[in-house]
Amino acid sequence: IFQLAFPLSYLVTVYRELRKSLIDMETMFSLQRVHSTIVEQPGATELCLDSLTRGGELRFEDVYFGYHADRPILRGVSFVVPAGKKVAIVGPSGCGKSTLLRLLFRFYDPAKGDVYIDNQNIRDVTLKSLRSHIAVVPQDTALFNSTIKHNIQYGRVSVTEEQVVEAAKKARIHDAIMALPDKYETKVGERGLMLSGEEKQRVALSRAILKNAPIMFFDEATSALDSQTEQGLLQSIRAVLRERQGTSLFIAHRLRTISDADEIIVLKEGKIAECGTHDHLLKQNGLYRHIWENQEGEGRFQNEASS
Ligand code: ATP
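If you want UniProt numbering, it's the position in the sequence shown, counting the first as 1, plus 435.
Shown next as structure tokens:
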């Protein structure tokens, strides 16, 4: 019995870890290179959202952060995302956009300043309740070697088949799945059937819908696609957001994809350079307008080259 007990308990641990890691995968993939040292406060409470508003208000208050003490990444960033609104964060590569997401997930704590969700400091709440309130659609969605149903379920064992189908319909990938040889039971991923980049992102969107979190974070979710498939996916995302009415945050490269946001935050060298709506920022004649004109110019050039 003694001999058996050890491997059994070991297997139980491995199984638990495996399930946990499946659930945490969305986080892991979008937050690569992260070795978190965060520990939960003793007596941490559950994050509790104001039920009168759908979505939760996010507030970054004078946030300073660097991965290494001698290299500051964020230098006094403050902004508010009102509950139910759509906010986009844009800026040059490496300016700290994804770092904001890592801080929101509490993979790190700010060196100075605080992050609040509905007036609760995220340092004071349990990590599980914090992360259960945020769904992420990352840039590159990794599929694991299993059925498409399991890939959408994503370790959430209590989710029913009907819920999987409903989420896939909302993410507009249901018809494509029904055309696969074994429909929802088709093996995809490493050794199974390969999905296109767009289909993978629709799987990620289905996962986010199933998570049913009040805050949705799109981290360059469409930027690996060509502009035509990008438009199709954006339309689906907009339809999902209209129905949910939650709070949404977008990190984006192509400004065209977020020009309808309620507020656009332009980060530069760890600080907010400008913020406002698309029209407001174009009138400002600053960094946003500069990036916009460059990208629009590139688009024209590509169109001319391909015609
Ligand atoms: P991109 O648009 O290229 O995705 P970004 O604005 O999202 O960039 P971040 O990923 O937030 O930028 O990274 C900001 C800076 O921090 C970059 O210079 C990056 O190299 C650095 N960085 C990111 N993750 C780590 C890490 N785990 N350890 C050390 N430095 C890091």
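Glycine included, each C-beta is placed from N, C-alpha and C at the ideal position.
All of these numbers come straight from a predicted model, not from anything done at the bench.
Cut-off 6 Å between Cβ atoms - residues of its own chain near Leu625, not counting five sequence neighbours on either side
Strictly speaking, residue 625 in this sequence is Glu, with Leu absent from that position. If we look at Glu625 and ignore the five residues flanking it on each side, its Cβ neighbours are Asn580.
Only counting the same chain, and skipping five residues up and downstream in sequence, which positions put a Cβ closer than 7 Å to that of Glu733?
none
Distance, Cα to Cα, Gly721 vs Gly681?
30 Å
Could you check what DSSP says for Glu461 in three-state terms: helix, strand or coil?
Low confidence applies here, because Glu461 scores a pLDDT of 49, under 50, leaving its location unreliable; read the following figure in that light. It is helical.
Delimiting residues of the beta strand (DSSP E) encompassing Met629
Looking at the DSSP string, Met629 is not in any beta strand (DSSP E), and its letter there is neither H nor E.
Provide the residue(s) that pair with Arg506 in DSSP beta bridges, ordered along the chain.
His503
Examine the ligand GDP and report whether any of its heavy atoms sits within less than 7 Å of the Cβ of Cys530.
What this structure holds is the ligand ATP, not the ligand GDP.
Give the straight-line distance between the Cα atoms of Glu597 and Ala614, rounded to the nearest whole angstrom.
18 Å
Straight-line gap, Asp617 to Asp485 (C-alpha atoms, nearest Å):
43 Å
Unbroken alpha helix (DSSP H) runs of length 4 or more, entirely within the stretch 658-685: which are they?
662-679
Measure from the alpha carbon of Ile583 to the alpha carbon of each residue in Trp727, Gln574, Arg637, then state which is nearest.
Arg637
Candidates Phe542, Leu578, Gly548, of which the one nearest Lys563 by Cα
Phe542
What's the gap between the Cα of Arg667 and the Cα of Ser593?
Before going further, note that residue 667 is Gly rather than Arg in the sequence given. If you take the alpha carbons of Gly667 and Ser593, they lie about 31 Å apart.
Taking one C-beta from the stretch 497-512 and one from the stretch 689-698 each time, how about it: are there three or more such pairs within less than 8 Å?
no
Whole angstroms are fine: how far does the CA of Gln663 sit from the CA of Leu702?
27 Å
Do Leu645 and Arg724 come within 8 Å of each other at the CB atom, strictly closer than that value?
no
Between the CA atoms of Leu640 and Asp714 - distance to the nearest angstrom:
29 Å
Say yes only if the C-beta of Tyr499 is nearer than 7 Å to one or more non-hydrogen atoms of the ligand ATP, and no if none qualify.
no
Hey, how far is the Cα of Ala546 from the Cα of Leu539?
14 Å
Length of the line joining the Cα atoms of Asp697 and Gln476
34 Å
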